[in-house]
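Line by line, the protein sequences give chains L and Y. By our numbering, the letter at position 282 of the first sequence is numbered 382, and the numbering carries on one by one without gaps. By our numbering, the letter at position 133 of the second sequence is numbered 233, and the numbering carries on one by one without gaps.
Number of protein chains: 2
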Amino acid sequence: MSKLVIGGSLAFDAIETPFGKTDKIIGGATPYIALSAGYFGAKSHIISVVGSDFTDSYFEILHKRGIDTTGVKVDKDNKTMFWAGVYNKDMNQRTTLTTELNCFEKFSPVVPESYQEADVLMLGNITPKIQQSIINQMKKRPKLIVMDTMNFWMDTALNDLEDTIKMVDVLTINDEEARQLSGEFILLKAAKKILAKGLKYLIIKKGDNGALLFSNDGGVFFAPALILDSVVDPTGAGDSFAGGFSGYIASKGKTDFETVKAAVVAGSVAGSFCCEKFGTENLQNLTEKDIKERVKRFEEMTKFSF
Amino acid sequence: MSKLVIGGSLAFDAIETPFGKTDKIIGGATPYIALSAGYFGAKSHIISVVGSDFTDSYFEILHKRGIDTTGVKVDKDNKTMFWAGVYNKDMNQRTTLTTELNCFEKFSPVVPESYQEADVLMLGNITPKIQQSIINQMKKRPKLIVMDTMNFWMDTALNDLEDTIKMVDVLTINDEEARQLSGEFILLKAAKKILAKGLKYLIIKKGDNGALLFSNDGGVFFAPALILDSVVDPTGAGDSFAGGFSGYIASKGKTDFETVKAAVVAGSVAGSFCCEKFGTENLQNLTEKDIKERVKRFEEMTKFSF
Chain L
101 MSKLVIGGSL
111 AFDAIETPFG
121 KTDKIIGGAT
131 PYIALSAGYF
141 GAKSHIISVV
151 GSDFTDSYFE
161 ILHKRGIDTT
171 GVKVDKDNKT
181 MFWAGVYNKD
191 MNQRTTLTTE
201 LNCFEKFSPV
211 VPESYQEADV
221 LMLGNITPKI
231 QQSIINQMKK
241 RPKLIVMDTM
251 NFWMDTALND
261 LEDTIKMVDV
271 LTINDEEARQ
281 LSGEFILLKA
291 AKKILAKGLK
301 YLIIKKGDNG
311 ALLFSNDGGV
321 FFAPALILDS
331 VVDPTGAGDS
341 FAGGFSGYIA
351 SKGKTDFETV
361 KAAVVAGSVA
371 GSFCCEKFGT
381 ENLQNLTEKD
391 IKERVKRFEE
401 MTKFSF
Chain Y
101 MSKLVIGGSL
111 AFDAIETPFG
121 KTDKIIGGAT
131 PYIALSAGYF
141 GAKSHIISVV
151 GSDFTDSYFE
161 ILHKRGIDTT
171 GVKVDKDNKT
181 MFWAGVYNKD
191 MNQRTTLTTE
201 LNCFEKFSPV
211 VPESYQEADV
221 LMLGNITPKI
231 QQSIINQMKK
241 RPKLIVMDTM
251 NFWMDTALND
261 LEDTIKMVDV
271 LTINDEEARQ
281 LSGEFILLKA
291 AKKILAKGLK
301 YLIIKKGDNG
311 ALLFSNDGGV
321 FFAPALILDS
331 VVDPTGAGDS
341 FAGGFSGYIA
351 SKGKTDFETV
361 KAAVVAGSVA
371 GSFCCEKFGT
381 ENLQNLTEKD
391 IKERVKRFEE
401 MTKFSF
C-alpha cells in the first residue's frame, strides 16, 4: 500500500458553531489529514506529539482506520495541545478563545525508521523549522512533498518559511495568504510569483468558494466546494482537503498535472464530508460507496458540453 | 437568426477603479447584455429610454454590432440616466457617487411589433413593474424569460418582485440576495425555496467566485470565474454574464439542463472579457476566435478524470 507520512499537530479541540458545540475532541491537523487520505488508498503515518491526557481511546480512533502512530511521541510530563474557538454565524470567520501549546511547545519531531521510503510527505501547518526538520530526516526524497502554512508564519518567521518553501513541491495557502506572500492582488500574478520560488504546484484555498490549482508550467484548474445540504462545522476542512489531496497522489504514485487535478477533487470531496459533522466524526465512518457517490456528484456539478 | 429581446437600463456611467477612470461612457445593463449575446449567435433587440444627450455616436456602438434599438425611446425633454461610482482596492465593493434617473424616472416601455416572436426575453435589473409590463406586451410567450434583480427591490417593492418572479423561468441574483429573498443561509436551502416560487432555474452569482445554477428538478452546476491576468473594471460583469447566458440559449433554441449549463459557461466567458477593459470597450471588438479560445480555457480549467 502506498505510504503517506504526515507531520503536524495532534491536539484537543473545543468547537462552537451556530449548530452546536463540542467538549474536548480529537483535533489538530493530522487526524483530519490522515483519516481523509485513507479513503483514497493511502496508508497514513503520523509524526506528532501528545501529552499524558491523550489516552488510548483517542489513539484508537486513528488505529481503527489503519493509521500508524509510531511517530507520535507521548510526552508524559505535559498535556496535549488544546485549541478552543467559536464560529460566527456565516462560519467563514471564527474567534480563537484559547490556544494552549502544552507539549507542542518543545516538539522536536523524530521520523521513525519504519516511516522511510514514503511516497508522499504532507506537512501540516506548523513552525517552518519543524517542517524542515522532518524533510531533512527523510533519507530518500518522497515523490512529492506538500506543505500547508498560514499568515502567522509569514508575519513571524518569513525567512524560515521561504527556506522551507524551497524544499517542497506543493504549497497550500488561502487567497489572502497568497496575496500577502506575493504582494500581488490578482491571484494569477500572485501564483506566478509564488511558483517562482521553486514549487511545482500551488493550491490556493478559497473556503466554501473552492480551490485553485496552478502548475509551474502555466496550468490552471479550479475545483468548487460541493454544495451541501448542511454545514455544521468547518473546522479541519482545509486539513481534510490536504489529506484527500496527498492521499490520492500517494496511491496513484504520479505527480503529473492530470493526476494532481484529480487529487484536488479528492481534497474537495474530503473537505465536504468534514463539514457535515463536528470535528473528525464524519471522517471516521465513511465507506467506499460514500466517496464514489460524492465524486460522481462533483463530476455532475462541473461537467458540461459547449 | 435567433431573437433575443432585452429590457432594461441604457445610461451613461462614469467609473473609477484602482486602474483608472472614465468620463461618461455608454452604460446601464442593456449594452452589456446585448453586446455579449451577439457573440453567442443571438440578435439583440433593446427596449429602453435615453435622453437628448444620447447622440448618434452612442447608438452607433450598438448598431455596429447588429443590435436593434427600435425599442429605445428618445425622450428629447430629458437627459439620459447617469451613474457614477468608485471601486475599492479589492474591487468587490464599490461606492455609488451619484445616480441620476433623468428620463428613466417615467419610463414606460413599449415593445415594438418587430420585437414579437422573441426566442428569449432577458429583463435587466429594473423596477419589477416595468419588467412585468414588458412580459405582458409579448403576444407569444418566449421559450425562456430570464430576469435579473437586486436587493433594492427586495427592500422597496417585494410584492411586485414576487409577482414578477412568478412570470419568469430564470432568476439571476447574487448570494447575499438569495439569502435575503429566502431567509436561508445555506445556499442549497435558499435555492430550493426560491425555485419553489415557480422558477425553472435559479442562478446565484458570486462575482469573482463564479456562478451556481440550480434547476427545479434538483440539478446543480457550478461555473468558476475565469482566472485573468488583469481585471481593470468589473462594471457590467453580471450583465455580460446575463447576455452570454441568454444569447446562448436563444441561439440554441433549447432550455434543457445541458443547454442551460453551457449557457452559464457562455455567461462566464462574456463576464471575463467585460472585466479586462473599462465599460463595454472589450465587448465591442471581440472575434469568434477570442470566444472559442476562452471557452477552451474554461474547459481546461474545469475538466478532470478521476
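Glycine is no exception: its CB is placed at the ideal position from the N, C-alpha and C atoms.
Where residue i sits in the DSSP three-state scheme
i	result
G307(L)	helix
I235(Y)	helix
V331(L)	coil
M254(L)	helix
V268(Y)	coil
S208(Y)	coil
E213(L)	helix
I230(Y)	helix
K240(Y)	coil
K189(L)	coil
K389(L)	helix
N316(L)	coil
K396(Y)	helix
A142(Y)	strand
G379(Y)	coil
Beta-carbon separation (whole angstroms), residue i vs residue j, contact threshold 8 Å
i	j	result
F398(Y)	L326(Y)	6 Å
F345(L)	G367(L)	4 Å
F404(Y)	M401(L)	Rounded, the Cβ-Cβ distance is 12 Å, inconsistent with contact.
I234(Y)	G128(Y)	Going by Cβ atoms, the distance from I234(Y) to G128(Y) rounds to 15 Å, so no, they are not a contact pair.
L313(Y)	K389(Y)	Wrong, their Cβ atoms sit about 27 Å apart, outside the cutoff.
L135(Y)	T380(Y)	6 Å
A291(Y)	I304(Y)	7 Å
I167(L)	G343(L)	That pair is no contact at about 11 Å.
Candidates the options, of which the one nearest residue i by Cα
i	options	result
L201(L)	G367(L), V331(L), V369(L), G151(L)	G151(L)
Y416(L)	G298(L), S405(L), A278(L), A370(L)	No answer is possible for residue 416(L): the residues shown for chain L start at 101 and end at 406.
S208(L)	I230(L), R194(L), I115(L)	I230(L)
M250(Y)	N225(Y), K173(Y), S233(Y)	N225(Y)
H163(Y)	P131(Y), S346(Y), V360(Y)	P131(Y)
F285(Y)	M191(L), S109(L), V395(L), K306(L)	M191(L)
L104(Y)	I245(Y), T198(Y), V331(Y)	I245(Y)
M101(Y)	T227(Y), V395(Y), E217(Y), L271(Y)	E217(Y)
S157(L)	L135(L), I125(L), S144(L), G138(L)	I125(L)
K392(Y)	P118(Y), G141(Y), E116(Y)	G141(Y)
D219(Y)	K179(Y), P228(Y), K243(Y)	K243(Y)
V395(Y)	P324(Y), F252(Y), A111(Y), G336(Y)	P324(Y)
T122(L)	G185(L), D260(L), A363(L), M222(L)	G185(L)
L110(Y)	I167(Y), E116(Y), T180(Y), T170(Y)	T180(Y)
C375(Y)	L295(Y), F341(Y), E277(Y), D356(Y)	F341(Y)
G171(Y)	K352(Y), A291(Y), D269(Y), S214(Y)	S214(Y)
L223(Y)	K240(Y), P212(Y), D248(Y)	D248(Y)
T155(Y)	W253(Y), V320(Y), K173(Y)	K173(Y)
E205(L)	D175(L), V320(L), N316(L)	D175(L)
S282(L)	K293(L), L288(L), D275(L)	K293(L)
Chain Y contact for residue i (CB, 8 Å cutoff)
i	result
T335(L)	no
N274(L)	no
S315(L)	no
I327(L)	yes
T402(L)	yes
F406(L)	yes
F119(L)	no
P324(L)	yes
V186(L)	no
F182(L)	no
Test: residue i CB closer than 8 Å to a CB of chain L
i	result
L223(Y)	no
S372(Y)	no
P242(Y)	no
F378(Y)	no
V395(Y)	yes
V220(Y)	no
V365(Y)	yes
V320(Y)	yes
Point to revise | chain Y contacts from the stretch 330 to 362 of chain L (Cβ-Cβ distance under 8 Å) | key: S330, V331, E358, K361, A362
**Study point:** Contact residues within the stretch 283 to 296 of chain L, judged by C-beta distance below 8 Å to chain Y
**Key:** F285, I286, L287, L288, K289
Practice item. Could you list the residues in the stretch 301 to 314 of chain Y with a C-beta less than 9 Å from some C-beta on chain L, going in chain order? Key: K306, D308, N309, G310, L312, F314
Check your understanding: Taking a cut of 8 Å between CB atoms, which residues from the stretch 133 to 167 of chain L lie near chain Y?
Key -> Cβ contacts with chain Y come from no residue of the stretch 133 to 167 of chain L.
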